[in-house]
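Report on one structure; see the data block that follows.
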Amino acid sequence: MVLVMKSTFLTVILVVYFSSAQAVLKLVNVVFRHGDRAPDDNGLEIYPNDPYKNNPFEPMRLGGLTNNGKTREYQLGEYLRKHYGDFLGDTYHASEVSAGSTNSDRTKMSLQLVLAALYPPKGAQNWNTGLNWQPIPATYVPRLDDNLMVPEECPKYLEARARAEASEEFKNKLKVFEPLMQNLTTETGREIKNSNDLYFLWFALMSEYAMNLTLPNWAYAIFPTGKLLDGINLEYDIFSFNDEMKRLNGGMLLRKFIDDMVLYSKGDKSIVERKIELYSGHETNVAAVLQVLGLYYPHPPEYSSAVFVELHENDGVYSVKVKYYKGKPSEHKEMTIKGCGSPCTLENFRKVLAHVTPSDEDIRCDKRSLASKIAKNEIHVASGIIKQIRDALDKENKIRGTLQ
């Protein structure tokens, strides 16, 4: 009895000690979705019976950020400034910031808007009294070379998706939507035959809805809530259907987070001055990160939504916290990874997520090798995915032809 009491007392003392100890934020990773946009020009969203199919959506053009979208991204930057201002300090230092984007105009612009609000010029950095803005460099790579933010077009992932789509489990889930898909084929004038088709239709309607455009009468019965929402959630389900697909999808960003946090914890000179890493992408990136962390729940992430992955240090022990910024509303929630807690030691974070962390072999990806397989119709996944890869290959070939 005495031993039990002493043990309990010691536990209480330790809890009080660690609770009162101040963990220090050292590094934060932020992956976020772009802002509100016009319907995309990818040939997959605007449908034959779309009342706005001939609308050029000037001046932002198809796929471009709307003014509401620009505002929302700027507000994300302001939110980051408010939440992390004490940690980041007032002055922009190039060594403290890493900013990257997918090769899309709307994600590049979203990143610039976030940076504008996050790092307004201060003191000696004020270069124009009439402009509260300073240029900050950002990077991106061509879509065919982007294995970090667009891993779902890598050969290994496509093979895994093809197996998942062919599984009886997924076929049975998709079968539930056959009446809906038949009806939508009639209403849209486009064949709707899988969850990927439902996905692109959802975003056609969402982009127009967010611009306060009147939708066809049939749409309001299934959108924004209802059967079409269920359909798009099925697409997110197949997106990371199993551990292999999680590893080959959101696992790419997870591996980057882990590698950088481990390097930081070891005092590596390449990253020891870094404070924030920004990744401007799409809702697929936000969903994939939530899925690989085991934190996803059925929903399409909102415009400007973001995942914050923080590295903290307390007396030489490094720990991780994960937060989800909803976008709408502008608030975040601290998330708890199963078997890890919050905060979770960096060591335990790595152990708990080891099964969905890609190996060096998993990371290898040659999208250009898909050209011949696509030409021979040897890749059996949703046609919308194939079209996007084919378009990227065609675009690169045209650029090469122009340069020759």
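Counting with mature numbering (1 follows the signal peptide of the UniProt record, and there is no 0), you get residues -23 to -1, 1 to 381 for the letters of the sequence shown.
Glycine included, every Cβ here is placed at the ideal spot set by N, Cα and C.
Going by C-alpha distance, which of the options is nearest residue i?
i	options	result
residue 127	296, 334 and 262	262
residue 144	370, 369, 372 and 358	358
residue 364	25, 130, 280 and 125	130
residue 334	222, 244 and 112	222
residue 179	207, 156 and 160	207
residue 134	290, 377, 218 and 304	218
residue 25	119, 161 and 4	161
residue 384	151, 174 and 190	Any question about residue 384 goes unanswered here, given that the chain covers just -23 to 381.
residue 293	324, 301, 276 and 277	324
residue 348	119, 5, 377 and 370	370
residue 118	192, 257, 287 and 235	257
residue 173	241, 354, 338 and 210	210
residue 113	302, 90 and 314	90
residue 287	235, 305 and 338	235
residue 388	158, 338, 238 and 356	Coverage of the chain is limited to positions -23 through 381, which leaves residue 388 absent and any answer about it impossible.
residue 278	10, 2, 250 and 122	10
residue 137	188, 224, 193 and 98	224
residue 196	20, 27 and 21	27
residue 3	238, 360 and 345	238
residue 346	338, 356 and 337	356
residue 125	250, 280, 360 and 259	259
Applying the 10 Å Cβ sphere with the 16-neighbour rule, what's the burial state of residue i?
i	result
residue -2	exposed
residue -12	Caution applies to residue -12, whose pLDDT of 39 falls short of 50 and renders its modelled position unreliable; the model cannot decide the point.
residue 374	exposed
residue 84	buried
residue 226	buried
residue 74	buried
residue 76	buried
residue 87	buried
residue 274	exposed
residue 79	buried
residue 100	exposed
residue 171	buried
residue 12	buried
residue 175	buried
residue 299	buried
residue 376	exposed
residue 121	buried
residue 35	exposed
residue 81	buried
residue 123	buried
residue 304	buried
residue 151	buried
Measure the alpha-carbon distance for residue i versus residue j and round it to whole angstroms.
i	j	result
residue 141	residue 297	32 angstroms
residue 311	residue 284	10 angstroms
residue 58	residue 163	48 angstroms
residue 282	residue 265	13 angstroms
residue 295	residue 318	14 angstroms
residue 213	residue 103	44 angstroms
residue 252	residue 343	32 angstroms
residue 149	residue 215	12 angstroms
residue 382	residue 290	Outside the shown range of the chain (-23 to 381) lies residue 382, about which nothing can therefore be said.
residue 71	residue 116	13 angstroms
residue 33	residue 368	20 angstroms
residue 94	residue 54	5 angstroms
residue 62	residue 5	12 angstroms
residue 372	residue 276	32 angstroms
residue 351	residue 378	21 angstroms
residue 320	residue 254	20 angstroms
residue 23	residue 110	36 angstroms
residue 51	residue 8	15 angstroms
residue 340	residue 241	21 angstroms
residue 326	residue 302	20 angstroms
residue 362	residue 105	45 angstroms
residue 399	residue 21	Because the chain spans -23 through 381 in this model, residue 399 falls outside it and cannot be assessed.
residue 250	residue 313	28 angstroms
residue 440	residue 132	The first residue shown for the chain is -23 and the last is 381, placing residue 440 beyond what the model contains.
Against chain D, with Cβ distances strictly below 8 angstroms, would residue i count as a contact?
i	result
residue 99	Looking at the structure shown, chain D is missing, and only one protein chain is on hand.
- Message: Using a Cβ distance threshold of 8 angstroms, determine whether the region 264 to 272 contacts the region 45 to 52, with at least three qualifying pairs required.
- Response: No: the two stretches stay apart, fewer than three of their Cβ pairs being nearer than 8 angstroms.
- Segment contact, 8 angstroms Cβ cut-off, at least three pairs: the region 7 to 19 with the region 171 to 189: Judged by pairs of C-beta atoms under 8 angstroms, the region 7 to 19 touches the region 171 to 189, as three or more such pairs exist.
- Query: For the region 11 to 88, which segments carrying the alpha helix (DSSP H) assignment without a break, of at least 4 residues, lie completely within its bounds, in sequence order?
  - Reply: With a minimum length of 4 residues, the continuous alpha helix (DSSP H) runs that stay inside the region 11 to 88 are 44 to 65.
- Kindly provide the ranges of any alpha helix (DSSP H) runs that are 4 or more residues long and lie completely inside the region 136 to 183, ordered along the chain. Whole alpha helix (DSSP H) segments, 4+ residues: 145 to 152 and 155 to 165.
- How about the region 304 to 320 and the region 200 to 211: do they share at least three Cβ pairs that are nearer than 8 angstroms? The region 200 to 211 and the region 304 to 320 do not touch, with fewer than three beta-carbon pairs separated by less than 8 angstroms.
- Touch test, the region 151 to 168 against the region 238 to 251, Cβ-Cβ under 8 angstroms, three pairs minimum: Proximity of the region 151 to 168 to the region 238 to 251 falls short of the contact definition, fewer than three beta-carbon pairs being nearer than 8 angstroms.
- Message: Between the region 31 to 42 and the region 65 to 72, can you find at least three pairs of beta-carbon atoms closer than 8 angstroms?
- Response: Contact between the region 65 to 72 and the region 31 to 42 is absent, with fewer than three C-beta pairs closer than 8 angstroms.
- Task: Would you mind listing the beta strand (DSSP E) stretches within the region 290 to 364 that are 3+ residues and don't spill past its ends, in chain order?
- Result: As far as the region 290 to 364 is concerned, its whole beta strand (DSSP E) runs of at least 3 residues are 294 to 302 and 309 to 312.
- Query: Counting Cβ pairs, one atom from each stretch, are 3 or more of them under 8 angstroms apart for the region 224 to 238 and the region 319 to 331?
  - Reply: Segment contact: the region 224 to 238 against the region 319 to 331, three or more CB-CB distances shorter than 8 angstroms; contact assigned.
- Task: Run through the region 184 to 225 for me and flag every whole beta strand (DSSP E) of 3 or more residues, listed as ranges in chain order.
- Result: List check, beta strand (DSSP E) in window: nothing returned.
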